[in-house]
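Report on the structure given below.
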Amino acid sequence: MTQTPLTPDELFAHLDGLGIGHRTVCHPPVFTVADAVALRGSLPGGHCKSLFLKDKKGAFWLAVMLEARRIDLNKLAGRLGAPRFSFGRAEELYAVLGVRPGSVTPFALVNDRAHRVTPILDREMLGYDPLNYHPLVNDRTTAIAPQDLLRFIAACGHQPHIIDLDGLERG
4 MTQTPLTPDE
14 LFAHLDGLGI
24 GHRTVCHPPV
34 FTVADAVALR
44 GSLPGGHCKS
54 LFLKDKKGAF
64 WLAVMLEARR
74 IDLNKLAGRL
84 GAPRFSFGRA
94 EELYAVLGVR
104 PGSVTPFALV
114 NDRAHRVTPI
124 LDREMLGYDP
134 LNYHPLVNDR
144 TTAIAPQDLL
154 RFIAACGHQP
164 HIIDLDGLER
174 G
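Under my numbering, the letters of the sequence shown match residues 4 to 174, in that order.
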C-alpha cells in the first residue's frame with residue numbers, strides 16, 4: 004500500500020459523501036468475538052467478523068460473515084473454486100487493507116486501491132439490518148444498512164461474491 008490508510012473520521016466522511024447513513028459507538032478495544040459479545044450490551048443488528056485470507060497462489064480474500072459462523076477454510080475455498088486458504092499475515096493485512104489484526108472489516112476495502120482483495124459476503128448476514136463492523140479500528144463499532152454496505156463495496160471498486168455459507172462449518 005503506497006498511500007496512507009484512511010482514519011475512521013476520513014472513512015465516515017467518505018460514507019457521508021456517498022450518502023450512506025452510519026452510527027458509531029465507542030468502546031474499549033476488542034480483539035475477539037468473545038470480547039465484542041462481552042462489551043456490546045444491547046447493540047442491535049447483525050454482529051459480524053471478517054477474515055483476511057490468502058490462497059495458495061497468493062491472492063487475497065476478505066470473508067465477511069455473522070460472528071457465530073465457524074467456517075472450514077478448505078470447504079470455503081472449494082465452494083469458491085479457489086486454491087487452499089490460510090490466514091494472511093499481519094504485515095500483508097496492513098500492506099493491502101491498511102488495518103491491524105483485530106480491526107479487519109469490510110470498510111478496509113476503501114484502502115485497497117489496487118483491488119488486490121476479493122470480498123466474500125455471507126448471504127445470511129445481509130438479512131440483518133443494521134450490520135455492525137469496526138470502522139478501521141477496534142475501539143468502535145459502526146452500524147450500516149446491508150444495501151449501503153453493498154453500495155460502499157461497489158464504490159470501492161470491488162465486486163463481492165455473495166454466498167450461502169451453510170454447510171461450510173468446521174466439524
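Using N, Cα and C, we set each Cβ at its ideal position, and we do this for glycine too.
| Grouping DSSP H, G and I as helix and E and B as strand, with all else coil, what is residue 172? | Residue 172 falls in the strand class under three-state DSSP.
| task | Could you tell me whether the Cβ atoms of residue 136 and residue 8 are closer together than 9 Å? | result | no
| said: To the nearest angstrom, how far is the alpha carbon of residue 4 from that of residue 163? | reply: At residue 4, the pLDDT of 47 sits below 50, so the modelled position is not reliable; the number obtained from the coordinates is stated separately. Taking the straight line joining both Cα atoms gives about 21 Å.
| Mind checking if residue 174 is an interface residue toward chain B, Cβ cutoff 9 Å exclusive? | No chain B appears in this structure, which consists of one protein chain only.
| Whether residue 66 touches residue 54 by CB criterion (9 Å) | yes
| message | Please give me, in chain order, every unbroken run of the beta strand (DSSP E) with length at least 3 that falls completely inside the segment 11-69. | response | 26-29, 49-58 and 63-69
| field | Helix, strand or coil at residue 131 according to DSSP, with G and I counted as helix | value | coil
| query | Cα-Cα, which of 27, 75, 37 and 32 is closest to residue 2? | reply | Nothing can be reported for residue 2: it is not among the residues displayed for the chain, which extend from 4 to 174.
| Can you tell which of 130, 89, 172 and 104 has the C-alpha that lies nearest to the C-alpha of residue 141? | 104
| request: Verify whether the separation of the beta carbon atoms of residue 80 and residue 58 is less than 9 Å. | output: yes
| said: Taking the straight line between their C-alpha atoms, what separation do you get for residue 149 and residue 174? | reply: Across the structure, residue 149 and residue 174 are spaced so that their CA atoms are roughly 29 Å apart.
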